[in-house]
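To start, the structure itself, in structure tokens.
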Amino acid sequence: VQLQASGGGLVQAGGSLRLSCAASGSTFSINAIGWYRQAPGEQRELVATISSRGSTNYADSVKGRFTISRENAKNTVYLQMNSLKPEDTAVYYCYADYGVRRRSSWGQGTQVTVSS
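Last residue of the sequence shown: number 117 in the working numbering, and the count goes up by one each step with no gaps.
Structural data, given as structure tokens:
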């Protein structure tokens with residue numbers, strides 16, 4: 002499974018951005034797909050994931066502000082980010098868990114910067 006992320010950028014606090022992650026390859030084997038982020042000097046952390054059955058999981062810090070969704074026909078997952086805060090500033094990575102052995106695939110990061 003290969004992942005291509007896009008949609009990052011610079012936005013003012015309170016603004017919105019939408020990230021996209023296009024999957025290719027053995028997309029039928031994806032168990033879950035979503036987003037992690039890593040701020041400077043911090044560990045990479047889970048932001049949101051969506052399973053093959055449509056179950057979603059969010060970090061507490063983004064609940065109510067971020068929404069993960071998918072468009073199966075395009076093998077694409079979206080992360081709609083609203084009410085952005087400066088602490089959301091990070092490199093966002095698309096992630097997929099796939100196959101019976103639960104292998105991991107990471108996309109390239111996309112920078113999200115929220116100015117105060």
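Here a beta-carbon is modelled for each residue, glycine too, at the ideal position from N, C-alpha and C. Everything numeric in this text was worked out from a predicted model, so none of it was measured.
Item: Close beta carbons around Y59, own chain, < 7 Å, minus the five adjacent residues each side; Value: A49 and F67
Item: Paired residues, beta bridge with L11 - DSSP; Value: T114
Item: P87 beta carbon less than 8 Å from that of S106; Value: no
Item: N-terminal and C-terminal residue of the beta strand (DSSP E) that T50 is part of; Value: E46 to S52
Item: Where R71 falls, given that 16 or more other Cβ within 10 Å makes a residue buried; Value: buried
Item: Alpha carbon of L85 to alpha carbon of A40, nearest angstrom; Value: 15 Å
Item: Secondary structure of T28, DSSP reduced to three states; Value: helix
Item: N-terminal and C-terminal residue of the beta strand (DSSP E) that F104 is part of; Value: Correcting the residue identity first, residue 104 is Arg in this sequence and not Phe. First-last of the beta strand (DSSP E) with R104: R104 to W107.
Item: C-alpha gap between E43 and S17, whole angstroms; Value: 23 Å
Item: T68 - partner residues in DSSP beta bridges; Value: Q81
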